[in-house]
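Just so you know, we're using the numbering used here here: the sequence shown kicks off at 9 and counts up by one. Each residue gets a CB set at the ideal place from its N, CA and C atoms; glycine is no exception. All values derive from a computational prediction rather than experimental measurement. Have a look at the structure below before the remarks.
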Amino acid sequence: MVRERNSLFSFRCLSFIIFILSIFSVSLFLSCGHCWGQCYYSPYQILEKKPNQPTIDDLRSYPFAWNHLTFSSSDAPPKLLKIALFVKKWPQRSRAGGLERHALTLHLALAKRGHHLHIFTTNSSSLPNHDPLMTNLHFHLSKPTPAGYLDQASVWEQFQAQNSSGKPFDVVHTESIGLRYTRSRYVANLAVTWHGIAYETIHSDIIQELLRSPQEPPPKALTERAMKVVEEVRFFPNYAHHVATSIHAGDILKRVYMIPEERVHIILNGVDQEVFKPDIFKAREFKQRHGIPEDSKPLVIGLAGRLVKDKGHPLMFEALKQMIAENSTFQESRMRMMILVAGDGPWAARYRDLGSNSVNIKVLGPLEQDELACFYNAIDIFLNPTLRAQGLDHTLLEAMLCGKPVMATRLASIMGSVIVGTEMGYTFSPTVSSLKKAIYEVVDSGRAVLEKKGQVARQRGLQLFTANKMVAAYERLFLCLSSRNNGDDFCRYTY
Ligand SMILES: *[C@@H]1O[C@H](CO)[C@@H](O)[C@H](O)[C@H]1NC(C)=O
Ligand SMILES: *[C@@H]1O[C@H](CO)[C@@H](O)[C@H](O)[C@H]1NC(C)=O
Ligand SMILES: *[C@@H]1O[C@H](CO)[C@@H](O)[C@H](O)[C@H]1NC(C)=O
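Here is the structure:
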């Protein structure tokens, strides 16, 4: 009896130990061995591991971000391509939003590398005063539809004319639905880059609905979005190849949109590494010019971009208001934190009002690209409260390349591809309390910690988010797509 009880006891004891051990090993696995405690686990981190084999036989099936690979961008391209680009609007250099900025950075760089670019865009575009020596950059303008889209019949005619004059196009690229699926389905050597798909946007809709005040009318978006996803799942297969700008979007394209994996390629956005880089002199000069106290005190938190609702500014505004009201450390005399806002939009005036009651909020207005680089250098951390779950936000990448830590909303694209751990910044839920908590944590952790995170951010930026990386990856993809039957080995990669 006693023995029986003993063995029963030890059996229970053993299974308890096994249970504890298994929990322990699971948590060990989840933490990926890179940090403990406050660390969170990003399910996409595992996708960054290098495979063991020395070559990739077909890059088209490579499941990770191409940014991890090294394509020598210093050498001349092995072959010059004739590339068609469809983009709704060709932007002015300094005033470009996400999609347009991407189009500009990528295609100007490809033209600089000697490829022949034919850009099909609307004549509402403010046309380029680019280097007139760039004779390999051709614009084909057409009148936009009343809704501002490319008129498909006109651009198709222009495209056909170009395709049959001289050399046919090696590859066709469309930024989002620049070229619609009704025409794209006739083009085999085509890639579309998505800067936001409906499935991702559902997360934004949910957040917006949760933040909506009872006075505001309910948006139609939430109820219509699911049908939009179904519509996209139906028409996306009409595009031969898909480029996802985040790991998360790539996963959705493969899993939810059911596009065969060899037709989905992940190329993360990149930003100009010559413009966005650490520069202490620029930082000092910028601070002097804008009357920001030098060094030690206070900690400068920077916000930049369009100051609109879906970029999370109502949330940020409310958080600041509450913090100023409840916490004396944010009052003038013992100022520990300062908010620097660059950008334009309805919330600029609201921040300005808030700033008139306490000196620690400063609104600078919109900044040109070079000034923006100085701005990033002058701050201690960059905060992006965006509620837009779609695409991959450029401002975070710019701040990281300037060597600054970043904090942003917990959106899958950001957590999976940008702020993948606490080593480079902070993330928060899109609620006022979570945002406040994150800001308090930043202020309490102090400058030394932020500087260290900033260095990690810069390393990650250099590894993944430079324009060079992005351009090299697209060039290789285009070479690979253009070489389908003529025996070139552009789809093969050797580490
Ligand atoms: C665009 O082209 C249409 C017709 O080709 C013309 O009527 C219109 O004025 C043009 N718009 C601009 C801004 O050039
Ligand atoms: C472009 O021209 C080539 C060569 O004539 C042809 O094979 C191809 O189908 C054309 N592309 C389209 C989309 O018409
Ligand atoms: C006031 O701010 C500090 C950080 O500067 C923080 O540690 C503290 O918890 C805040 N107090 C309140 C009441 O939120």
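Does DSSP put Val-440 in a helix, a strand or coil? As a first step, residue 440 must be located in the sequence shown, where it is residue number 432. DSSP places Val-440 in helix when its eight states are reduced to three.
What residues in its chain sit with their C-beta under 6 Å from that of Ala-312, if we drop five residues either side in the sequence? Looking up residue 312 in the sequence shown gives position 304. These residues qualify, in order along the chain: Ala-350, Gly-351, Thr-403.
What residue range does the beta strand (DSSP E) around Lys-90 cover? What you label residue 90 is simply residue 82 of the sequence shown in a count that begins at 1. Counted as a single uninterrupted DSSP element, the beta strand (DSSP E) harbouring Lys-90 occupies residues 90-94.
Taking only three categories from DSSP, how would you classify Ser-162? As a first step, residue 162 is located in the sequence shown; it is residue number 154 there, counting from the start. Correct three-state label for Ser-162: helix.
Check Thr-63 in the structure and name its three-state DSSP category. Taking the sequence shown and counting its residues from 1, one reaches residue 63 at position 55. Thr-63 falls in the strand class under three-state DSSP.
Which class does Ile-347 belong to by DSSP, given the choice of helix, strand or coil? Sequence index remark: in the sequence shown, residue 347 carries index 339 (1-based). DSSP places Ile-347 in strand when its eight states are reduced to three.
Going straight from the alpha carbon of Val-316 to that of Leu-118, what length do you get? The count along the sequence shown starts at 1 and reaches residue 316 at position 308. The count along the sequence shown starts at 1 and reaches residue 118 at position 110. If I take the Cα positions, the gap works out to 33 Å.
Close-in-space but distant-in-sequence residues of the same chain around Ala-386 (CB under 6 Å, 5 per side omitted): Translated into the one-based positions of the sequence shown, residue 386 becomes position 378. Cβ within range, chain order: Ala-291, Phe-294, Lys-295.
First and last residue of the uninterrupted beta strand (DSSP E) at Lys-370: As a working mapping, residue 370 is identified with position 362 in the sequence shown. Counting along the chain, the beta strand (DSSP E) containing Lys-370 begins and ends at 369-373.
From the DSSP output, read off the bridge partner residues of Tyr-501. Position 493 of the sequence shown holds residue 501. Ile-64, per the DSSP bridge assignment.
Arg-358 to Asn-277 span [Cα, whole Å]: Within the sequence shown, the letter at position 350 stands for residue 358. Within the sequence shown, the letter at position 269 stands for residue 277. Distance from the CA of Arg-358 to the CA of Asn-277, rounded to the nearest whole angstrom, comes to 31 Å.
Contacts around His-42, its chain only, beta-carbon distance under 8 Å, and the 5 residues preceding and following it disregarded: Taking the sequence shown and counting its residues from 1, the one referred to as residue 42 is at position 34. Below a pLDDT of 50, predicted positions are generally treated as unreliable, and His-42, at 39, falls in that range; the measurement from the model is reported next regardless. Shown here for His-42: same chain residues with a beta carbon closer than 8 Å to its own, the five before and five after excluded, namely Gly-429, Glu-431 in chain order.
According to the Cβ coordinates, are Gly-424 and Ile-205 closer than 7 Å? Along the sequence shown, read from residue 1 onward, the residue named residue 424 stands at position 416. Along the sequence shown, read from residue 1 onward, the residue named residue 205 stands at position 197. It is not a contact, given that the beta carbons lie outside the stated cut-off.
Go to Phe-147, then tell me how far its beta strand (DSSP E) extends in each direction, as first and last residue. Taking the sequence shown and counting its residues from 1, the one referred to as residue 147 is at position 139. Note, Phe-147: beta strand (DSSP E), 145-150.
Tell me the rounded alpha-carbon separation between Phe-498 and His-124. Residue numbering aside, residue 498 sits at position 490 when the sequence shown is read from its first letter. Residue numbering aside, residue 124 sits at position 116 when the sequence shown is read from its first letter. Their Cα atoms are separated by approximately 19 Å.
Ligand 2 heavy atom lying under 6 Å from the CB of Tyr-501: Position 493 of the sequence shown holds residue 501. No; taking the cut-off as 6 Å, the Cβ of Tyr-501 has no heavy atom of ligand 2 nearer than that.
Decide if Arg-109 is buried, meaning its Cβ has at least 16 other Cβ atoms within 10 Å, or exposed. As a working mapping, residue 109 is identified with position 101 in the sequence shown. Taking all protein chains shown into account, Arg-109 has 16 or more neighbouring C-beta atoms within 10 Å of its C-beta and is therefore buried.
Could you name the residues of the same chain whose beta carbon sits closer than 8 Å to that of Leu-307, not counting the 5 residues immediately before and after it, in chain order? Working through the sequence shown from its first residue, we reach residue 307 at position 299. Contacts found: Arg-344, Met-345, Met-346, Asp-388, Ile-389, Val-450, Val-451, Gly-454, Arg-455, Leu-458.
Let me check one thing: in DSSP terms, what residues is Leu-504 bridge-paired to? The chain is shown from 9 up to 503; residue 504 falls before or after that span and cannot be answered.
Let me check understanding here. Comparing Cα to Cα, which of Gly-106, Val-237, Thr-190 lies closest to Val-163? Counted from its first residue, the sequence shown places residue 163 at position 155. Nearest C-alpha to Val-163: Thr-190.
Once you ignore the five residues that flank Gln-46 on each side, which residues in its own chain have a CB closer than 7 Å to its CB? For this step, residue 46 is matched to residue 38 along the sequence shown. At Gln-46, the pLDDT of 36 sits below 50, so the modelled position is not reliable; the number obtained from the coordinates is stated separately. Apart from the 5 residues on each side of it in sequence, Gln-46 sits with its Cβ closer than 7 Å to the Cβ of Thr-430 in its chain, given in chain order.
For Arg-193 and Asp-496, the rounded distance between their alpha carbons: For the purposes of this step, residue 496 is taken as the residue at position 488 of the sequence shown. For the purposes of this step, residue 193 is taken as the residue at position 185 of the sequence shown. Roughly 25 Å separates the two Cα atoms.
Return the chain-ordered list of same chain residues with a C-beta closer than 8 Å to the C-beta of Val-504, the five sequence neighbours on each side being excluded. Given that the chain is displayed from residue 9 to residue 503, the structure contains no residue 504 and the question cannot be resolved.
Beta-carbon gap between Thr-474 and Gln-281 smaller than 7 Å: Your numbering for residue 474 matches position 466 in the sequence shown. Your numbering for residue 281 matches position 273 in the sequence shown. The answer is yes: Cβ separation under 7 Å.
Residues with C-beta closer than 7 Å to any heavy atom of ligand 2, in chain order: The answer, residue by residue, is Gln-168, Asn-171, Ser-172, Pro-176, Phe-177, Tyr-194, Val-195.
Just to confirm my understanding: we take Thr-63, look at its own chain, exclude 5 residues before and 5 after, and list those with CB closer than 6 Å. What are they? Here residue 63 refers to the residue found at position 55 when the sequence shown is read from its first residue. Correct list, in chain order: Thr-502.
Residues bridged to Phe-390 (per DSSP): Here the question's residue 390 lines up with position 382 in the sequence shown. Phe-390 pairs with Gly-310, Val-414.
Measure the alpha-carbon distance for Ala-465 versus Ala-92 and round it to whole angstroms. Against the sequence shown, residue 465 aligns to sequence position 457. Against the sequence shown, residue 92 aligns to sequence position 84. The alpha-carbon atoms of Ala-465 and Ala-92 are separated by roughly 35 Å.
To the nearest angstrom, how far is it from the Cα of Val-371 to the Cα of Leu-362? Taking the sequence shown and counting its residues from 1, the one referred to as residue 371 is at position 363. Taking the sequence shown and counting its residues from 1, the one referred to as residue 362 is at position 354. Each residue's Cα considered, the two are about 10 Å apart.
Consider the C-beta atom of Ala-111 and the heavy atoms of ligand 4; say whether any pair is separated by less than 6 Å. This structure does not include ligand 4; its bound ligands are ligand 1, ligand 2 and ligand 3.
Would the segment 266-275 count as touching the segment 68-75 if we require 3 or more Cβ pairs under 8 Å? Under the three-pair Cβ rule at 8 Å, the segment 266-275 counts as touching the segment 68-75.
Could you pull the start and end residues of the alpha helix (DSSP H) that Leu-219 belongs to? The residue labelled residue 219 in the question sits at position 211 within the sequence shown. Element bounds for Leu-219: 206-219.
State yes or no: is the C-beta of Leu-107 within less than 7 Å of the C-beta of Val-279? Counting from 1 along the sequence shown, the entry for residue 107 is found at position 99. Counting from 1 along the sequence shown, the entry for residue 279 is found at position 271. Not a contact, by the Cβ cut-off of 7 Å.
Below-7 Å beta-carbon distance, Ser-162 vs any chain D residue: The structure shown contains no chain D; it is built from a single protein chain.
DSSP state of His-298, grouped into three classes? One-based indexing of the sequence shown puts residue 298 at position 290. DSSP places His-298 in coil when its eight states are reduced to three.
Please report the straight-line C-alpha distance between Glu-183 and Ile-267, rounded to a whole angstrom. On the sequence shown, residue 183 is found 175 positions in, with the first residue counted as 1. On the sequence shown, residue 267 is found 259 positions in, with the first residue counted as 1. The straight-line gap from Cα to Cα measures roughly 18 Å.
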